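Undergrad: Dumping the structure here so I can ask a few things about it.
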Amino acid sequence: MNHGSSDRVADDLRTWIAAAAPGARLPSTRELTVRHAVSPVTVQRALRALSAEGLVETRPGVGAFVRAPRTVRAHDYSWQTAALGAAGPARSAASAALRTPSAELISLHSGYPDRELLPERAVRAALARAARGDAALVRTPSAGLLELRTWFAAELAEQTPARYTAPSARDVIVLPGSQLGLGAAFRSIAGPGGSLLVESPTYWGAILAAAQVGVSLVPVPTGPAGPDLVALDRAFTETGARGFYAQPTYANPTGAQWSQAHGEAVLDLVRAHGAFLVEDDWAHDFGITTHAAPLAARDDGGHVVYLRSLTKSVSPAIRVAALVARGPVHERLLADLEAQSMYVSGALQAAALDVVTQPAWQSHLRGLARRLRARRDLLVDAVTAHLPGATIEAVPPGGLNLWVRLPDGTDLARLIRDAEARGVVVASGDDWFPAEPTGRYLRLNFAGPDPGAFGRAAELLAEAMGEQG
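Under the numbering used here, think of the first position of the sequence shown as 38, with each following residue one higher.
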């Protein structure tokens with residue numbers, strides 16, 4: 038279809054409308070097709086464009102008319118101040134990781150991989166097949182499609198040692214994205230007014246989820262090897278917390294991965310305190326030099342509530358994740374999630390399942406590891422070469438981010454403003470601390486667009502740092 042023809046018709050009509058009175062009837066479709074030597078479909082396309090711009094209103098069976106201009110006046114929403122009352126304690130969701138800056142800026146802030154790192158052809162084909170199937174027209178079970186739940190369970194079962202009972206589909210709940218699962222897990226385990234232990238730093242979305250459900254977070258210091266075990270034990274004892282939220286594999290923001298021994302030690306502490314571990318395996322598919330090894334695979338006593346997301350690795354447009362939980366907590370989680378979302382789109386579930394069960398999925402992941410490694414190393418080299426005083430405590434074995442410490446006297450807010458003014462967008466490390474930050478940090482994403490600009494981005498950051506003396 039010739040879109041240029043419809044644009045010419047629309048431009049001609051804009052000129053006509055500018056000289057016409059409000060309510061004037063436009064030339065008929067037949068008149069316009071003859072005048073411009075185009076098809077009626079082309080004319081209709083032009084009219085739809087003008088209608089979307091608010092210039093035209095169409096009346097079926099009557100014609101199209103010039104829309105009268107709306108009265109412009111100041112908005113007064115002051116009444117809402119009294120109606121809403123004081124704001125709650127929940128932090129704003131406007132993290133730098135969610136920003137969509139101008140394409141002219143170098144973006145190191147995002148929490149998502151660039152489009153070229155996604156299995157685009159597989160996703161498009163899967164969505165097309167899902168649209169033609171029954172999943173596009175029926176309500177799915179609240180816990181999710183059986184086939185998808187079976188896949189999640191089987192993936193975890195493959196890593197479950199023989200001495201443990203492997204999970205099954207009945208232990209899985211499919212979610213519309215992992216953020217909803219965080220809130221459900223925190224509410225179900227800690228409850229409003231309760232407390233939950235978390236690594237510090239930790240995922241900003243977990244901090245937000247806890248605030249929204251009224252759960253207090255107790256920070257436990259963590260490093261490249263994982264959380265401080267003595268501090269974790271003490272925090273359980275002193276707070277009586279019923280749960281510990283952590284990302285043992287490629288933690289956001291640090292990229293740290295716990296060793297098997299450290300993970301076992303954490304599990305022993307969780308069991309000893311009769312508590313839960315909420316294991317967020319957000320980056321399962323983003324291994325670079327290592328592979329994900331979920332702690333949930335080594336626990337069949339119901340202590341681990343396991344959260345596995347496909348959103349970042351399959352496509353941000355396919356928000357599908359899963360919770361794996363056993364025992365009464367599974368029923369509590371399912372009831373909580375039913376009350377919030379009822380069920381997850383069957384079409385999205387079918388598309389996600391289609392992608393991860395194609396033979397090409399494993400090939401894609403192998404290629405993804407190579408590309409992530411190249412990007413990671415490029416950003417590490419750029420930071421090392423151009424940012425004076427910046428340190429990378431550990432090069433991450435997987436994930437999407439570098440956790441970069443700056444000199445203690447850095448004015449972080451000013452640095453971020455000055456860097457953006459120069460053309461590079463970065464994320465403040467303060468967003469990842471559940472309490473006061475323990476240092477000045479940036480979280481830099483190496484999976485974003487244009488890795489060739491990493492060197493220039495580091496130079497611009499250095500210039501901004503230099504302004505602080």
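Where is the CB? At the ideal position from N, CA and C, for every residue including glycine.
Bear in mind that the values here come from a model prediction, so they are computed numbers and not experimental data.
Roughly how many angstroms separate the alpha carbons of E141 and R45, rounded to a whole number?
TA: For the purposes of this step, residue 141 is taken as residue 104 along the sequence shown, with counting starting at 1. For the purposes of this step, residue 45 is taken as residue 8 along the sequence shown, with counting starting at 1. Whole-angstrom Cα-Cα distance: 30 Å.
Undergrad: Tell me which residue opens and which closes the beta strand (DSSP E) that S346 is part of.
TA: Counting from 1 along the sequence shown, the entry for residue 346 is found at position 309. 341-346 is the extent of the beta strand (DSSP E) around S346.
Undergrad: Classify D318: buried if its beta carbon has 16 or more other beta carbons within 10 angstroms, exposed otherwise.
TA: As a first step, residue 318 is located in the sequence shown; it is residue number 281 there, counting from the start. Counting Cβ neighbours within 10 Å, D318 comes out buried, since at least 16 surround it.
Undergrad: Does M38 come out as helix, strand or coil in the three-state DSSP assignment?
TA: Position 1 of the sequence shown holds residue 38. Only weak support exists for where M38 lies, its pLDDT of 45 falling under 50; the value from the coordinates is given anyway. M38 falls in the coil class under three-state DSSP.
Undergrad: What ranges does the beta strand (DSSP E) occupy inside the region 410-497, keeping only unbroken runs of at least 3 residues that lie completely in it?
TA: Listed in chain order, the complete beta strand (DSSP E) runs (minimum 3 residues) inside the region 410-497 are 438-443, 477-482.
Undergrad: Short check: CB of F470 to CB of P258, under 8 Å?
TA: Within the sequence shown, the letter at position 433 stands for residue 470. Within the sequence shown, the letter at position 221 stands for residue 258. Not in contact: F470 and P258 (Cβ atoms no closer than 8 Å).
Undergrad: How is the alpha helix (DSSP H) around P365 delimited, first residue to last?
TA: In the sequence shown, the residue the question calls residue 365 occupies position 328. Per DSSP, P365 belongs to the alpha helix (DSSP H) from 365-378.
Undergrad: Pick out whichever of S400, V393, L69, G338 has its Cα sitting closest to the Cα of P204.
TA: Your numbering for residue 204 matches position 167 in the sequence shown. Closest by alpha carbon: G338.
Undergrad: Hey, how far is the Cα of A330 from the Cα of R403?
TA: In the sequence shown, the residue the question calls residue 330 occupies position 293. In the sequence shown, the residue the question calls residue 403 occupies position 366. Roughly 17 Å separates the two Cα atoms.
Undergrad: Evaluate the contact criterion for the region 311-325 versus the region 281-291: three or more CB pairs, one atom per stretch, below 8 Å.
TA: Flag = yes, the region 311-325 and the region 281-291 touch.
Undergrad: Between the alpha carbons of S129 and D414, how many angstroms are there, rounded?
TA: Reading the sequence shown from its first residue, position 92 is the one you call residue 129. Reading the sequence shown from its first residue, position 377 is the one you call residue 414. Bear in mind that a pLDDT of 48 at S129, under 50, signals an unreliable position, so the number given afterwards is only what the model happens to contain. Near 33 Å, if we compare the C-alpha coordinates of D414 and S129.
Undergrad: Using a Cβ-Cβ cut-off of 7 Å (strictly less than) and excluding sequence neighbours within five positions of R408, which residues of its own chain qualify?
TA: As a first step, residue 408 must be located in the sequence shown, where it is residue number 371. The answer, listed in chain order, is L154.
Undergrad: Please specify which runs of the beta strand (DSSP E), each continuous and at least 3 residues long, are wholly inside the region 257-287, giving them in chain order.
TA: Runs found: 280-283.
Undergrad: Taking C-alpha atoms, which residue in R459, L174, A61, A334 lies nearest to R200?
TA: Residue mapping note: residue 200 aligns to position 163 of the sequence shown, counting from 1. Minimum Cα distance to R200 is reached at A334.
Undergrad: With a threshold of 8 Å on Cβ separation, who are the neighbours of T274 within its own chain once the five nearest residues in sequence on each side are excluded?
TA: The count along the sequence shown starts at 1 and reaches residue 274 at position 237. So the qualifying residues of the chain are H310.
Undergrad: Going by Cα to Cα distance, which pick from G503, A86, L374 is closest to F223?
TA: Within the sequence shown, the letter at position 186 stands for residue 223. Per the Cα distances, L374.
Undergrad: F323 by DSSP, collapsed to three states: which one?
TA: Position 286 of the sequence shown, counted from the start, is the residue given in the question as residue 323. Coil at F323, not helix or strand.
Undergrad: Does the Cβ-Cβ distance between P261 and E430 come in under 8 Å?
TA: Looking up residue 261 in the sequence shown gives position 224. Looking up residue 430 in the sequence shown gives position 393. Result yes, Cβ atoms of P261 and E430 sit closer than 8 Å.
Undergrad: Counting only runs that start and end within the region 66-101, where is the alpha helix (DSSP H) found for 4 or more residues in a row?
TA: DSSP runs (the alpha helix (DSSP H)) wholly in the region 66-101: 66-73, 77-89.
Undergrad: Ignore the nearest five residues each way along the sequence and tell me which others in L304's own chain have a CB closer than 8 Å to its CB.
TA: As a first step, residue 304 is located in the sequence shown; it is residue number 267 there, counting from the start. Here the set comprises L314, L332, R335, D336, H340, V341.
Undergrad: Please name the residue, chosen from S76, G98, V103, that lies closest to A89 on a Cα-to-Cα basis.
TA: Within the sequence shown, numbered from 1, the residue matching residue 89 stands at position 52. Among S76, G98, V103, the Cα nearest to that of A89 is on V103.
Undergrad: When DSSP labels each residue in this structure, what does D318 get in the three-state scheme?
TA: As a working mapping, residue 318 is identified with position 281 in the sequence shown. Note: D318 maps to strand in three-state DSSP.
Undergrad: Which stretch, first to last residue, makes up the beta strand (DSSP E) that contains A359?
TA: The sequence position of residue 359 within the sequence shown is 322, counting from 1. Element bounds for A359: 358-361.
Undergrad: Since V235 is in the beta strand (DSSP E), which residue starts that stretch and which ends it?
TA: Here residue 235 is taken as the residue at index 198 of the sequence shown, counted from 1. 232-237 is the span of the beta strand (DSSP E), which, as asked, contains V235.
Undergrad: Roughly how far, in whole angstroms, is the beta-carbon of L145 from the beta-carbon of V461, given that I think they are within contact range, below 8 Å?
TA: Working through the sequence shown from its first residue, we reach residue 145 at position 108. Working through the sequence shown from its first residue, we reach residue 461 at position 424. 6 Å between Cβ atoms; contact.
Undergrad: How would you write the range of the beta strand (DSSP E) that L212 sits in, first residue to last?
TA: As a position in the sequence shown, residue 212 is number 175, starting the count at 1. Here the beta strand (DSSP E) through L212 covers 209-212.
Undergrad: Taking D305 as part of the alpha helix (DSSP H), name the residues at either end of that continuous run.
TA: The residue you call residue 305 lines up with position 268 of the sequence shown. 297-309 is the extent of the alpha helix (DSSP H) around D305.
Undergrad: Tell me, to the nearest whole angstrom, how far the beta carbon of A167 is from that of A173; I am working on the premise that it is less than 8 Å.
TA: For this step, residue 167 is matched to residue 130 along the sequence shown. For this step, residue 173 is matched to residue 136 along the sequence shown. About 6 Å; that satisfies the 8 Å criterion.
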